[in-house]
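K.L.:
Right, I'll just put the structure down here and ask away after.
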Amino acid sequence: MSWGFMRDSSLRRVLSVQYGRSGSQHSPVNLFFDTEPDNLPSTNDSSSADEDLDSLVLFGMLRGNVVGLRYYTGVVNNNEMVALQREPNNPYDRNAVKVNNVNGEQVGHIKKELAAALAHIMDRNLAKLEGTVPYGAQNAYTMPVNLSFWGREENKNIVIDLMKKYGFKLGPLPQGGSQAQPRLSIPLLPAVQMTTEQLKTEFDKLFEDLKEDDKTRELEPSKAVETSLLPHQKQALAWMVSRENSKELPPFWEQRNNFYYCTLTNFAEKDKPESVRGGILADDMGLGKTLSIIALILTNFHDGKPFPVGHGIYGNYSLEEHSVARDDSRKSSNKKQARRKADGTNEKSGSSKGKTETAPKRQKAKYSLSDSEEEDQWIPRKVKAPSACNIVDDDQFAMALFGGPSTVKQKTKKKGTVKTVTDNPSKCEVQNHPRTTLIICPLSVLSNWIDQFEQHVKADAKLNIYIYYGPERNKNPDFLSKQDVVLTTYNVVTHDYSTESPVHKIRWLRVVLDEGHTIRNPNAQQTKAVHSLDSERRWVLTGTPIQNSLKDLWSILSFLKLKPFTAREWWHRTIQRPVSMGDQGGLRRLQALIKNITLRRTKTTKVKGKPVLQLPERKVYIQHLKLSPEERKIYESMQNEGKAIISRYFNEGTVLTHYADVLAVLVRLRQICCHPHLVPTSLSSALSASSTPGELQEKLVNKIKMVLSSGSDEECSICLDSLNMPVITRCAHVFCKACICQVIRITKPNAVCPMCRGELYLEHLVECPEDECDLGDSQNNNQTWMSSSKITALMHALTEQKEKDPNIKSIIVSQFTAFLSLIETALRESSFTFTRLDGSMNQKKRTDAIQSFQSSHYDSPTIMLLSLKAGGVGLNLTAASRVFLMDPAWNPAAEEQCFDRCHRLGQTKEVIITKFVVKDSVEENMLKIQNKKRELAAGAFGGNNISQLPVK
DNA sequence: ACCGCCGGGTGCC
DNA sequence: ACCGCCGGGTGCC
Numbered sequence: 023m024s025w026g027f028m029r030d031s032s033l034r035r036v037l038s039v040q041y042g043r044s045g046s047q048h049s050p051v052n053l054f055f056d057t058e059p060d061n062l063p064s065t066n067d068s069s070s071a072d073e074d075l076d077s078l079v080l081f082g083m084l085r086g087n088v089v090g091l092r093y094y095t096g097v098v099n100n101n102e103m104v105a106l107q108r109e110p111n112n113p114y115d116r117n118a119v120k121v122n123n124v125n126g127e128q129v130g131h132i133k134k135e136l137a138a139a140l141a142h143i144m145d146r147n148l149a150k151l152e153g154t155v156p157y158g159a160q161n162a163y164t165m166p167v168n169l170s171f172w173g174r175e176e177n178k179n180i181v182i183d184l185m186k187k188y189g190f191k192l193g194p195l196p197q198g199g200s201q202a203q204p205r206l207s208i209p210l211l212p213a214v215q216m217t218t219e220q221l222k223t224e225f226d227k228l229f230e231d232l233k234e235d236d237k238t239r240e241l242e243p244s245k246a247v248e249t250s251l252l253p254h255q256k257q258a259l260a261w262m263v264s265r266e267n268s269k270e271l272p273p274f275w276e277q278r279n280n281f282y283y284c285t286l287t288n289f290a291e292k293d294k295p296e297s298v299r300g301g302i303l304a305d306d307m308g309l310g311k312t313l314s315i316i317a318l319i320l321t322n323f324h325d326g327k328p329f330p331v332g333h334g335i336y337g338n339y340s341l342e343e344h345s346v347a348r349d350d351s352r353k354s355s356n357k358k359q360a361r362r363k364a365d366g367t368n369e370k371s372g373s374s375k376g377k378t379e380t381a382p383k384r385q386k387a388k389y390s391l392s393d394s395e396e397e398d399q400w401i402p403r404k405v406k407a408p409s410a411c412n413i414v415d416d417d418q419f420a421m422a423l424f425g426g427p428s429t430v431k432q433k434t435k436k437k438g439t440v441k442t443v444t445d446n447p448s449k450c451e452v453q454n455h456p457r458t459t460l461i462i463c464p465l466s467v468l469s470n471w472i473d474q475f476e477q478h479v480k481a482d483a484k485l486n487i488y489i490y491y492g493p494e495r496n497k498n499p500d501f502l503s504k505q506d507v508v509l510t511t512y513n514v515v516t517h518d519y520s521t522e523s524p525v526h527k528i529r530w531l532r533v534v535l536d537e538g539h540t541i542r543n544p545n546a547q548q549t550k551a552v553h554s555l556d557s558e559r560r561w562v563l564t565g566t567p568i569q570n571s572l573k574d575l576w577s578i579l580s581f582l583k584l585k586p587f588t589a590r591e592w593w594h595r596t597i598q599r600p601v602s603m604g605d606q607g608g609l610r611r612l613q614a615l616i617k618n619i620t621l622r623r624t625k626t627t628k629v630k631g632k633p634v635l636q637l638p639e640r641k642v643y644i645q646h647l648k649l650s651p652e653e654r655k656i657y658e659s660m661q662n663e664g665k666a667i668i669s670r671y672f673n674e675g676t677v678l679t680h681y682a683d684v685l686a687v688l689v690r691l692r693q694i695c696c697h698p699h700l701v702p703t704s705l706s707s708a709l710s711a712s713s714t715p716g717e718l719q720e721k722l723v724n725k726i727k728m729v730l731s732s733g734s735d736e737e738c739s740i741c742l743d744s745l746n747m748p749v750i751t752r753c754a755h756v757f758c759k760a761c762i763c764q765v766i767r768i769t770k771p772n773a774v775c776p777m778c779r780g781e782l783y784l785e786h787l788v789e790c791p792e793d794e795c796d797l798g799d800s801q802n803n804n805q806t807w808m809s810s811s812k813i814t815a816l817m818h819a820l821t822e823q824k825e826k827d828p829n830i831k832s833i834i835v836s837q838f839t840a841f842l843s844l845i846e847t848a849l850r851e852s853s854f855t856f857t858r859l860d861g862s863m864n865q866k867k868r869t870d871a872i873q874s875f876q877s878s879h880y881d882s883p884t885i886m887l888l889s890l891k892a893g894g895v896g897l898n899l900t901a902a903s904r905v906f907l908m909d910p911a912w913n914p915a916a917e918e919q920c921f922d923r924c925h926r927l928g929q930t931k932e933v934i935i936t937k938f939v940v941k942d943s944v945e946e947n948m949l950k951i952q953n954k955k956r957e958l959a960a961g962a963f964g965g966n967n968i969s970q971l972p973v974k
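Heads up: the first sequence runs through residues 23 to 974, numbered per my numbering.
What follows is the structure in structure tokens.
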């Protein structure tokens, strides 16, 4: 089923064990490019050792002793796992090695003779040591411990010899020393490992059963939710509410007599391990994770009771200045729109009654909590809610909320006991119970959350939302903990981590991490900052839960406070390593775990026999165009010129070595089909011979841009994958840098180009400057603007469509960014509103463009100009339901991918695609050739018959 | 610790 | 006896 993205990559990781080191990234070729592991008896820092945890091998085992039990409180069971920890500062023995139980409580020490040997090994990081105590229970003074030594293959003999020198012999454990590993056969025996095929099947099955049992129960949301939920969203709600209110033991825990027992580590304790009141919502993009969480917030507000609806008055709102970077493109339902003006000036936005405006600057000065005023506290006062969500997010809105004599903020000099007396039904809970949901997301989706709250929360539910963002954000914990929702970003939380911030002091009702996979790096400050947040209810939203490997999952489990995985050692010993070694038990445990805490549906998941979401239809039309007589004249002249050049190459037998020049002719012809102004006056400038190295360099760079923009060779012919760091050879063929370097290295010193067998030297390779691969530079931008046949056809279609339905949005796609620029002029002339996305834009500009286009705001642009290659598969332009493909691509997959940017989850309308194709031109040939694009260079140009040239 | 080790007391059978 | 043996004191690193 789904999760192919995850399966592939994690499998690769899993299987990498068998290759020795992990690290193949993209193409098979890259396998050879792995940097050699340095063979020094390593004194690696622990971080790099951490990275490779999966590739460690078992050196052997040893029975040792734990002593000094009577001095410590940590107790252990028979067969319980223990952790070994160096204690270099022990005053009695600098070789001391502590032994801790799963909970981190000290059990004792390793006996000193052995400790001396172990200290040697541990301090040099020659091996990782793991212990289990076969007879852990009821020892008064000492107990045996079975130690396993794990390390990198090249250190194996070093460790064995070293131990021998100290008088210890590593080996298989004396029989009877059973392992704490939950029935895990020691992977010294390859016979128990699964085959690659089996492992793959297991991964396939991993998430298959996720939708069983209670996960199909539905729950009606609180009345405060305005949007009606789809069945699968009601299921998500039911599941989340039940998890939040559940008291059941976390997975792998059982109650035995008076103890709670962890079946993975054999650890037991009197105290009940905390239930995981949360989990991972891993629905596919577009299934409504955000809406599901909003429904959860409103439905399970307090003690299983929903958020109150219908109270005209609310309180708990203090008047604080704040700021947030936002554009005006956010969605607003019509009835809410009135309160915001689009021009962003300090205009009144009075949709609610009886408010007076104050200039924001003055407000800021007057009300912001400066350091000197720290002891001051604002008394929240009653405010008539202007709208559903009291989103405090920009100056003018703050004004709308707080301005006016009747709502002037009061403050008191008294410290402490500021009682909040309000009509809010949940006021009493503020002191005793956390009230506030903290949502953390990447900045790029912050505005989406705001939009979604506005859209989905009913107007008479007075949900207080505070955007904790920007330099002026209110850091008063009292203020924050009186909100219903605090919305912030990972960066803010991370930044505040170092400064003892309110975010880390407050006990939150729940914490929601959006795009939770962003915390996958366990060493990142961000991850640590997020882990230290205080809340019982923790949720992770992600579309890609296990992006690269099981390692990613650990960070999430740790955030969820899932015992015993909060410490990485137990996760690694009980799940990650067994799974990566192909142990079935490990996989079963992983499956049980995922099943317990994850809800994931994809677009193909069925609810009551029907797919969760059905995509509307998609229709592709090809519109044939005739060039105007003037355009035709230019086209033919260029075609003749090109034919002459190519004939010459052909006669010289040098067509292949002038590959890029041939493509250049084709590109020029295609450009003329779009607009004559796209083409420089003469071909000769592009194709002229050059002699100096500087000129050659420049020419090659131009060629690589040309080749890339021509769309004919988006894939590297060595690895057959998409180009990764493209470089161009002197003979103008383009490959991944790594691929061609590999070829040169292997075939040295006789390296030849794999395409044309031309001379090939490492030094001659030229890289393409990042993101400059668009052939967008219009050489003739001084010419006065004029339309073209294609532009005219496009404008005609757009105008007609606008008359039919002005709300329909369109994407206009071209491979030539200069063409997009020409289209801009036409759009402006006909007063269409548009935005643009191309490869030259930075990330900020891109997200801005996407957001403004996706917005349903009344003045959001109706047209997106899109360069064919801009953006990845993730690009979501579902606001559009029309696509105009201005020029055909060699690669049909590139076109398909482009269509899918609007024909995807979230699209509600029928999608109509129009491809413009100029009759009797290279474009028609491209349509024919699209399916055999790979033969183009080698076949059409390499063949003996020049009539095969797609130049008529 | 139902051990080992230490060091003082002791000393034919 | 510069030993052996006994039995009490003692005990992680």
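Just so it is clear, CB atoms sit at the ideal spot from N, CA and C, and this is done for glycine as well.
Rounded to whole angstroms, what is the Cα-Cα separation between lysine 648 and arginine 654?
P.N.:
Locating residue 648 in the first sequence gives position 626, where the first residue counts as 1. Locating residue 654 in the first sequence gives position 632, where the first residue counts as 1. Those two C-alpha atoms are separated by around 9 Å.
K.L.:
Mind checking tyrosine 114: buried by the 16 CB within 10 Å criterion, or exposed?
P.N.:
In the first sequence, the residue the question calls residue 114 occupies position 92. Tyrosine 114 is exposed by the Cβ-count criterion.
K.L.:
Using a 10 Å radius around the Cβ and a threshold of 16 neighbouring Cβ atoms, would you call methionine 808 buried or exposed?
P.N.:
Taking the first residue of the first sequence as 1, we reach residue 808 at position 786. Answer is exposed; the Cβ neighbour count stays below 16.
K.L.:
Considering just the uninterrupted stretch of the alpha helix (DSSP H) at cysteine 981, what are its terminal residues?
P.N.:
The requested residue 981 is not part of the displayed model; the chain covers only 23 to 974.
K.L.:
List the whole-angstrom C-beta distance separating aspartate 259 from threonine 312, where the pair is believed to meet the contact cut-off of C-beta under 8 Å.
P.N.:
Stepping through the first sequence from its first residue, residue 259 is reached at position 237. Stepping through the first sequence from its first residue, residue 312 is reached at position 290. The question names aspartate, yet the displayed sequence has leucine at residue 259. Rounded, the Cβ-Cβ distance is 13 Å, inconsistent with contact.
K.L.:
Can the beta-carbon of proline 586 be found less than 8 Å from the beta-carbon of leucine 286?
P.N.:
Translated into the one-based positions of the first sequence, residue 586 becomes position 564. Translated into the one-based positions of the first sequence, residue 286 becomes position 264. Yes, the pair counts as a contact, with Cβ atoms nearer than the cut-off.
K.L.:
If I'm right that valine 977 touches leucine 555 with Cβ under 8 Å, what's the distance once you round it to whole angstroms?
P.N.:
Past the boundaries of the shown model lies residue 977; the chain is included only from 23 to 974, so the question cannot be answered.
K.L.:
What would DSSP say about tyrosine 491, mapped onto helix, strand or coil?
P.N.:
Looking up residue 491 in the first sequence gives position 469. Coil.
K.L.:
Could you check where the alpha helix (DSSP H) with glycine 608 kicks off and where it finishes?
P.N.:
Locating residue 608 in the first sequence gives position 586, counting from the first residue. Residues 606 to 619.
K.L.:
Can you round the beta-carbon distance between serine 503 and valine 533 to whole angstroms, since I take them to be within the 8 Å contact cut?
P.N.:
Counting from one through the first sequence, the residue named residue 503 turns up at place 481. Counting from one through the first sequence, the residue named residue 533 turns up at place 511. Not a contact, Cβ separation roughly 13 Å.
K.L.:
Less than 8 Å between the C-beta atoms of arginine 858 and leucine 887, yes or no?
P.N.:
Position 836 of the first sequence, counted from the start, is the residue given in the question as residue 858. Position 865 of the first sequence, counted from the start, is the residue given in the question as residue 887. Yes, they are a contact pair.
K.L.:
Considering only the beta carbon of each residue, do threonine 855 and proline 883 sit closer than 8 Å?
P.N.:
To locate residue 855, count along the first sequence from 1; it is residue 833. To locate residue 883, count along the first sequence from 1; it is residue 861. In this structure, proline 883 lies closer than 8 Å to threonine 855 by Cβ.
K.L.:
Can you check whether the CB of proline 638 is closer than 8 Å to the CB of threonine 930?
P.N.:
As a working mapping, residue 930 is identified with position 908 in the first sequence. As a working mapping, residue 638 is identified with position 616 in the first sequence. Yes; because the gap between Cβ atoms is below 8 Å, this pair is in contact.
K.L.:
Looking only at its chain, what residues have a beta carbon closer than 8 Å to the beta carbon of alanine 137, apart from the 5 residues adjacent to it on each side?
P.N.:
On the first sequence, position 115 is the one that residue 137 refers to. Sequence-distant Cβ neighbours of alanine 137 in its own chain, meaning closer than 8 Å and more than five residues away, are Asp115, Asn117, Ala118, Val119, His131.
K.L.:
Pick helix, strand or coil for asparagine 486, following the three-state DSSP scheme.
P.N.:
The sequence position of residue 486 within the first sequence is 464, counting from 1. It is a strand residue.
K.L.:
Is the separation between the beta-carbon of isoleucine 487 and that of leucine 468 shorter than 8 Å?
P.N.:
Translated into the one-based positions of the first sequence, residue 487 becomes position 465. Translated into the one-based positions of the first sequence, residue 468 becomes position 446. Result no, Cβ atoms of isoleucine 487 and leucine 468 do not sit closer than 8 Å.
K.L.:
Leaving aside the five residues before and after lysine 480 along the sequence, list all residues of the same chain whose C-beta is less than 8 Å from its C-beta, in chain order.
P.N.:
As a position in the first sequence, residue 480 is number 458, starting the count at 1. Answer for lysine 480: Lys245, Ala246, Val247, Glu248, Val331, Ala410, listed in chain order.
K.L.:
Any idea if serine 852 is buried or exposed, counting beta-carbon neighbours within 10 angstroms, 16 or more meaning buried?
P.N.:
As a working note, residue 852 is residue 830 in the first sequence. Exposed, by the Cβ-count rule.
K.L.:
Where do the ends of the alpha helix (DSSP H) carrying alanine 317 lie?
P.N.:
Along the first sequence, one-based indexing puts residue 317 at 295. That run of the alpha helix (DSSP H) goes 311 to 321.
K.L.:
For the region 101 to 112 and the region 73 to 80, state whether three or more C-beta atom pairs, one from each stretch, are separated by less than 8 Å.
P.N.:
no
K.L.:
Which residues bound the beta strand (DSSP E) around threonine 164?
P.N.:
As a first step, residue 164 must be located in the first sequence, where it is residue number 142. Looking at the DSSP string, the run of the beta strand (DSSP E) that includes threonine 164 is 164 to 173.
K.L.:
Of all the beta strand (DSSP E) runs that stay within the bounds of the region 821 to 873, which reach a length of 3 or more residues?
P.N.:
831 to 836, 856 to 859
K.L.:
So glutamate 945 and proline 914 are in contact, right, with Cβ under 8 Å, and what is the actual spacing, rounded?
P.N.:
Taking the first sequence and counting its residues from 1, the one referred to as residue 945 is at position 923. Taking the first sequence and counting its residues from 1, the one referred to as residue 914 is at position 892. Not really, about 14 Å apart at Cβ, beyond 8 Å.
K.L.:
How should proline 991 be labelled, buried or exposed, when 16 other C-beta atoms within 10 angstroms of its C-beta is the threshold for buried?
P.N.:
The displayed coordinates of the chain run from 23 to 974. Any statement about residue 991 would go beyond what the structure contains.
K.L.:
Among Asn673, Thr676, Asn662, Glu674, which residue has its Cα nearest to the Cα of leucine 688?
P.N.:
The residue labelled residue 688 in the question sits at position 666 within the first sequence. Taking only the C-alpha atoms, the option nearest leucine 688 is Asn662.
K.L.:
Pick out the complete beta strand (DSSP E) segments inside the region 96 to 182, 3 residues or longer, and give them in chain order.
P.N.:
102 to 108, 119 to 122, 128 to 132, 150 to 155, 164 to 173
K.L.:
For leucine 784, count neighbouring Cβ atoms within 10 angstroms of its own Cβ and tell me buried if that reaches 16, exposed if not.
P.N.:
Stepping through the first sequence from its first residue, residue 784 is reached at position 762. Looking at its Cβ environment, which holds fewer than 16 other Cβ atoms inside 10 Å, leucine 784 is exposed.
K.L.:
In terms of residues, what are the limits of the alpha helix (DSSP H) holding cysteine 924?
P.N.:
Along the first sequence, read from residue 1 onward, the residue named residue 924 stands at position 902. That residue, cysteine 924, is in no alpha helix (DSSP H); it is neither H nor E in DSSP.
K.L.:
Under 8 Å, do isoleucine 667 and aspartate 683 count as touching if we go by C-beta distance?
P.N.:
In the first sequence, residue 667 corresponds to position 645, counting from 1. In the first sequence, residue 683 corresponds to position 661, counting from 1. For the 8 Å CB-CB criterion, isoleucine 667 and aspartate 683 form a contact.
K.L.:
Just verifying my parser: in three-state terms, what is the DSSP assignment at alanine 916?
P.N.:
For the purposes of this step, residue 916 is taken as the residue at position 894 of the first sequence. DSSP places alanine 916 within a helical segment (H, G or I) once states are collapsed to three.
K.L.:
Three-state secondary structure (DSSP) at proline 748?
P.N.:
Position 726 of the first sequence, counted from the first residue, corresponds to residue 748. Three-state result, proline 748: strand.
K.L.:
Let me make sure I understand the geometry here. Which of Trp912, Met908, Cys920 has the alpha-carbon closest to that of threonine 900?
P.N.:
If you number the first sequence from 1, residue 900 lands on position 878. Looking at the Cα atoms, Cys920 is the closest of the given residues.
K.L.:
When the Cα atoms are used, what is the spatial distance from methionine 185 to phenylalanine 581?
P.N.:
Sequence index remark: in the first sequence, residue 185 carries index 163 (1-based). Sequence index remark: in the first sequence, residue 581 carries index 559 (1-based). Taking the straight line joining both Cα atoms gives about 38 Å.
K.L.:
The beta strand (DSSP E) that contains glycine 82, what's its start and end?
P.N.:
For the purposes of this step, residue 82 is taken as the residue at position 60 of the first sequence. That run of the beta strand (DSSP E) goes 79 to 89.
K.L.:
Using CA atoms only, rank isn't needed, just tell me which of Arg85, Trp471, Arg174 is closest to tyrosine 490.
P.N.:
In the first sequence, counting from the first residue as 1, residue 490 sits at position 468. The shortest C-alpha separation from tyrosine 490 is found at Trp471.
K.L.:
Anyone know if the C-beta pair for phenylalanine 289 and asparagine 123 falls short of 8 Å?
P.N.:
By one-based count along the first sequence, residue 289 stands at place 267. By one-based count along the first sequence, residue 123 stands at place 101. Cβ atoms of phenylalanine 289 and asparagine 123: closer than 8 Å.
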